[in-house]
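Written out below as C-alpha cells is the structure these notes cover.
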Amino acid sequence: MLQEIEARYKDQGLALLAVSIDNPKDQPKIPGYLQKHNLACRVLLAGDKGVAGYDFTAASSLFVIDRKGLLAGVPSEFYFKINQELERRLPDLLQGKPTAGPVLWAIERVPQDFGELWHVPLEDAAESISIAPATPGHPAEIGILDAAHHLRRYSPAGEPLADVTLEEDQAWDLSGVDLDGDGSSEWVVLEDRALSVVDESGKTYWKYYAYPTPLEVGGFPDLDGDGRREIVMRAGDTLMALPNVPQPLWKLESLRHVKAVRVDPSGRIWVQAGSTVRRVSPGGSLLGPGFQASGATVFQGETQPGSPGSLRVFGAQYGDRIDMEHDFDGDGKNDLLLAEPAGLTVYSQDGSILARLFINESQRAPVVVLGNLDARPGDEMVVFIPQYGLVALGLKPDAGKERVVRRARLEEEVSGARN
Numbered sequence: 054m055l056q057e058i059e060a061r062y063k064d065q066g067l068a069l070l071a072v073s074i075d076n077p078k079d080q081p082k083i084p085g086y087l088q089k090h091n092l093a094c095r096v097l098l099a100g101d102k103g104v105a106g107y108d109f110t111a112a113s114s115l116f117v118i119d120r121k122g123l124l125a126g127v128p129s130e131f132y133f134k135i136n137q138e139l140e141r142r143l144p145d146l147l148q149g150k151p152t153a154g155p156v157l158w159a160i161e162r163v164p165q166d167f168g169e170l171w172h173v174p175l176e177d178a179a180e181s182i183s184i185a186p187a188t189p190g191h192p193a194e195i196g197i198l199d200a201a202h203h204l205r206r207y208s209p210a211g212e213p214l215a216d217v218t219l220e221e222d223q224a225w226d227l228s229g230v231d232l233d234g235d236g237s238s239e240w241v242v243l244e245d246r247a248l249s250v251v252d253e254s255g256k257t258y259w260k261y262y263a264y265p266t267p268l269e270v271g272g273f274p275d276l277d278g279d280g281r282r283e284i285v286m287r288a289g290d291t292l293m294a295l296p297n298v299p300q301p302l303w304k305l306e307s308l309r310h311v312k313a314v315r316v317d318p319s320g321r322i323w324v325q326a327g328s329t330v331r332r333v334s335p336g337g338s339l340l341g342p343g344f345q346a347s348g349a350t351v352f353q354g355e356t357q358p359g360s361p362g363s364l365r366v367f368g369a370q371y372g373d374r375i376d377m378e379h380d381f382d383g384d385g386k387n388d389l390l391l392a393e394p395a396g397l398t399v400y401s402q403d404g405s406i407l408a409r410l411f412i413n414e415s416q417r418a419p420v421v422v423l424g425n426l427d428a429r430p431g432d433e434m435v436v437f438i439p440q441y442g443l444v445a446l447g448l449k450p451d452a453g454k455e456r457v458v459r460r461a462r463l464e465e466e467v468s469g470a471r472n
C-alpha cells in the first residue's frame, strides 16, 4: 500500500524512507545486508518481492515528516485507517502548508488545582523510574534508569543531581530505598539474572546472582525490626530475603509455579503460586490457607492493607502496570493507578475517575511512578512520555483552579533529533 501511495505522489516530492527498528547489536550489520541485496536504503519492500527479515508491515511502523523536517504524524494516529488518514493529510503536506504536529500527550482529566509541575527532556528513553522516599535530613529523590544504562537522579523539583553510567548493562528495573538506615538512599538494580545494590555515584556495593529466572523484587520490609530493610525477591519458584549484604536471611523453596511476590505498605509479604495467594511470615514461613485468584490473574495488593474495607486488586501478570499504594488526590485513601498502552488512568476506591492521561505512540504501558515529593498531602506522579521527556504531575504550588490540556510538538529537525 505504501509503495502504491509513493508512486502516485512521487512527482510531488513524496518519498518513502526505511528506518530500522532493530536492536543496537544488529544495527551495524544493516549496511552490508542492504548492499548484499541491492537495496538503495530508500524502500524496504514486503511481500513476495521482499527480503526475509524485513517484512514488518504493521501501521505502527509509519511516521510522517513534513518538508521542514518536522514530525507531522506518529504511528498511533494511523491505526486501522492508514490509507484514509494518509489520503486526508497528504495534499496539505505536499503543498508545504504548516502542520500542527501530533498531540504527543494530553491531560484529559485531572482533579481541581492539579496539573504539570515540571518537565525535563531526556536524551534516552526511560526504562524504569523510582522515587526514593524522603528520610530525616534528606529529601526525596527521583531515579531514572534509561536505555543507555544511565542512572539519572533528580530533585523533587526536577533539578538534575547526577548522571552516571552503570556497570550493569542489562539492567531493566530500578528501586530507590534506604536499606541500611543511614538516611541516604541506595539504588537496587535488577537484571535478568542478577540483583545489584549501587550507591548514588553508580558504584556497585554488591551483586547477587540468582537462578533460575525470572527475578522479581517484591519490596523492602524491615523484617527483624533493626531499622534496616531487607530485599524480598524471588528467583523462579524460590522466595528469599536479602539483608544489605549478599547473603540470604532465609529462603522458601517449597512452592511451585510461583507467579508473583508482593510486599504491601504495612510490610506484609504475599506470594502467589498457581492461583493460590498466601501470606509469608517475616521468618520465611507460609501462613494460613490463603485465597484464590480468579482465572489467570495475579494478585497485585490491597487498596488499604489491614483495613476491613480494603479491596483486593488483581491484574495481568505481564503488560499493564497497576499501583494501589498511593493517595493521588490527598483525601487520605489510596487510589488505583492503571497504566496501559496509550495512557493511564487514576481511579478512586468508589470507581470514579480522578485523572486520565493520554500518551500518543505508547507501544507499551507508560513508565510511571507515584510518590510524595513535597511532604504535602497527596502523592505526585512522575511519568516518561516518549519524544517529550520526564513529567511530574500533582497539586500545583499556587493551587489555582485549572483544567490542563497540554499539546506538545516535537520542534527539532529529524536529522538532529535523538529518539
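Just add 53 to wherever you are in the sequence shown, counting from 1, and you've got this note's numbering.
For every residue, glycine included, the Cβ atom is placed at its ideal position computed from N, Cα and C.
Note that the structure is predicted; figures quoted are calculated from it, not measured.
Check	Outcome
Could you check the C-alpha separation between GLU269 and LEU124 for me, to the nearest Å?	38 Å
With a threshold of 6 Å, establish whether the CB of TYR261 neighbours any heavy atom of the ligand ZN.	Among the components modelled here there is no ligand, and therefore nothing to report on the ligand ZN.
Could you give the DSSP three-state label for LYS304: helix, strand or coil?	strand
Report the CB separation of LEU423 from PHE381 in whole angstroms; it is logged as a contact under 8 Å.	7 Å
Buried or exposed: where does GLY190 fall if 16 or more other Cβ atoms within 10 Å of its Cβ makes it buried?	exposed
May I have a chain-ordered list of the beta strand (DSSP E) segments no shorter than 3 residues that lie completely inside the region 125-186?	158-162, 167-173 and 179-185
Where does GLU221 sit, in a helix, a strand or coil, going by DSSP?	coil
Mind checking which residues open and close the beta strand (DSSP E) that includes TYR258?	257-262
With DSSP run on the structure shown, which of helix, strand or coil describes ALA193?	coil
Taking all protein chains shown into account, decide if ALA408 is buried (16 or more other Cβ within 10 angstroms of its Cβ) or exposed.	buried
In this structure, what does DSSP give as the bridge partners for THR188?	HIS191
For GLN65, does the three-state DSSP call read helix, strand or coil?	helix
Short of 8 Å in beta carbon distance, which residues of its chain neighbour HIS203, apart from the five on each side in sequence? Order them along the chain.	ASP177, ILE197, ASP216, VAL217, THR218 and LEU219
Three-state secondary structure (DSSP) at LYS312?	strand
Buried or exposed: where does LYS102 fall if 16 or more other Cβ atoms within 10 Å of its Cβ makes it buried?	Here the model assigns LYS102 a pLDDT of 46, short of 50, so the residue's position is not dependable and the matter cannot be decided.
So, for VAL399: in the same chain, excluding its five sequence neighbours on each side, which residues have a beta-carbon less than 6 Å away from its beta-carbon?	PHE381, ASP388, LEU390, LEU407 and ALA408
Taking the continuous beta strand (DSSP E) assigned at TYR400, which residues delimit it?	396-400
By DSSP's criteria, MET286 is part of a beta bridge. Which residues make up the other side?	VAL270 and MET293
Considering only the beta carbon of each residue, do LEU410 and GLY431 sit closer than 7 Å?	no
Which value, in whole angstroms, describes the spacing of the CA atoms of ALA99 and SER183?	Caution is warranted here: a pLDDT of 39 is assigned to ALA99, below 50, making its placement in the model unreliable, and no coordinate value can be reported.
Going straight from the alpha carbon of VAL351 to that of THR329, what length do you get?	10 Å
So, with DSSP's three-state summary, where would you put ALA428?	coil
Less than 7 Å between the C-beta atoms of ARG309 and GLY234, yes or no?	no
Quick check on the DSSP output: what are the complete beta strand (DSSP E) runs of length 3 or more inside the region 304-373, in order along the chain?	311-316, 322-326, 329-333, 339-345, 351-355 and 365-368
So, at 6 Å on beta carbons, what are the nonlocal neighbours of GLU239 in its own chain, with the 5 sequence-adjacent residues on each side left out?	LEU232 and VAL250
Whole angstroms is fine: what's the gap from TRP259's alpha carbon to LEU243's?	12 Å
Once the 5 residues before and after GLN223 are set aside, which same chain residues still bring their CB inside 7 Å of it?	GLU244 and ASP245
State the DSSP-derived secondary structure class of LEU232, mapped to helix, strand or coil.	coil
Exposed or buried, PHE344, counting other C-beta atoms within 10 Å across all chains shown (16 or more means buried)?	exposed
Less than 7 Å between the C-beta atoms of ARG315 and GLY271, yes or no?	yes
Just mark SER338 as buried or exposed, buried being the case when its beta carbon has 16 or more other beta carbons within 10 Å.	exposed
Answer with buried or exposed for PHE167, where buried requires no fewer than 16 other C-beta atoms within 10 angstroms of its C-beta.	buried
The beta strand (DSSP E) spanning GLU433 covers which residue range?	433-438
What do you reckon, are the CB atoms on GLU440 and LEU175 nearer than 7 Å?	This sequence places Gln at residue 440; Glu is not what is there. Cβ distance not < 7 Å, so GLN440 and LEU175 don't count as in contact.
My guess is that GLU59 and VAL420 are in contact by the Cβ rule of under 8 Å, so how many angstroms apart are they, rounded?	At roughly 35 Å, the Cβ-Cβ gap does not stay under 8 Å, so GLU59 and VAL420 are not in contact.
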